[in-house]
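Visitor: Counting from 9, one number per residue, gives the positions in the sequence shown under the numbering used here.
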Amino acid sequence: MIAARSKALKRLQKNKDIHESVFLQNLMAYCSKDANSCVEKAAKICLVGLRKIEVDSKGRMLLSELRNAIIQDLKSGLTPFFVLATRRKKFSRQENVSLQTRMDIERKLDIEGHWKLFADVICSD
9 MIAARSKALK
19 RLQKNKDIHE
29 SVFLQNLMAY
39 CSKDANSCVE
49 KAAKICLVGL
59 RKIEVDSKGR
69 MLLSELRNAI
79 IQDLKSGLTP
89 FFVLATRRKK
99 FSRQENVSLQ
109 TRMDIERKLD
119 IEGHWKLFAD
129 VICSD
């Protein structure tokens, strides 16, 4: 998240006379409701906003909700800069679990804009 924040701030800071901290309040990160609490702590450390997105029965973010949240945030003047896709922690090994990849998320969101989507997949067995 820190690396993504740094890239986003460099993109936003066109005038070097304005300190990058001015833009922090506009940065928004996204994760699933099932994400580990360390994601919330990382957002607090990075001084950025965080939206938690509902998940389906397989622990995947509901991409329609993610898309709507991003569009709403863009309209509100916020800058989406980071998406973390995770899976639920407590699946049995027999269950068929679908993981969301960066390509899945980017393809299904299809949001016009100048921001770059940073997405990682975190797996824990």
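Ideal Cβ positions, reconstructed from N, Cα and C, are used throughout, including at glycine.
Whose CA, out of N34, G67 and E62, lies closest to the CA of C54?
Guide: Looking up residue 54 in the sequence shown gives position 46. Cα-wise, what sits closest to C54 is N34.
Visitor: Buried or exposed for C3, going by 16 or more other Cβ atoms inside 10 Å?
Guide: Residue coverage of the chain in this structure runs from 9 to 133, which leaves residue 3 outside it and unanswerable.
Visitor: Under a three-way DSSP split, which group does K124 fall into?
Guide: Here residue 124 is taken as the residue at index 116 of the sequence shown, counted from 1. In this predicted model, K124 has a pLDDT of only 46, less than 50, meaning its place in the structure is not dependable enough to derive any value.
Visitor: Suppose you measure from the CA of L58 to the CA of I10; what does that come to, to the nearest Å?
Guide: Translated into the one-based positions of the sequence shown, residue 58 becomes position 50. Translated into the one-based positions of the sequence shown, residue 10 becomes position 2. The straight-line gap from Cα to Cα measures roughly 13 Å.
Visitor: Where V63 and N23 are concerned, what is the direct C-alpha to C-alpha distance, given to the nearest angstrom?
Guide: Locating residue 63 in the sequence shown gives position 55, counting from the first residue. Locating residue 23 in the sequence shown gives position 15, counting from the first residue. Going by the C-alpha atoms only, they are around 39 Å apart.
Visitor: At the level of alpha carbons, what is the spacing between E28 and K15?
Guide: One-based indexing of the sequence shown puts residue 28 at position 20. One-based indexing of the sequence shown puts residue 15 at position 7. Spanning the two alpha carbons is a distance of roughly 11 Å.
Visitor: Could you name the residues that DSSP lists as bridge partners for K60?
Guide: On the sequence shown, position 52 is the one that residue 60 refers to. Looking at the DSSP assignment, K60 forms a beta bridge with C39.
Visitor: Excluding sequence positions up to five away, which residues of its chain have a Cβ less than 6 Å from the Cβ of A51?
Guide: On the sequence shown, residue 51 is found 43 positions in, with the first residue counted as 1. Contacts found: A37 and L58.
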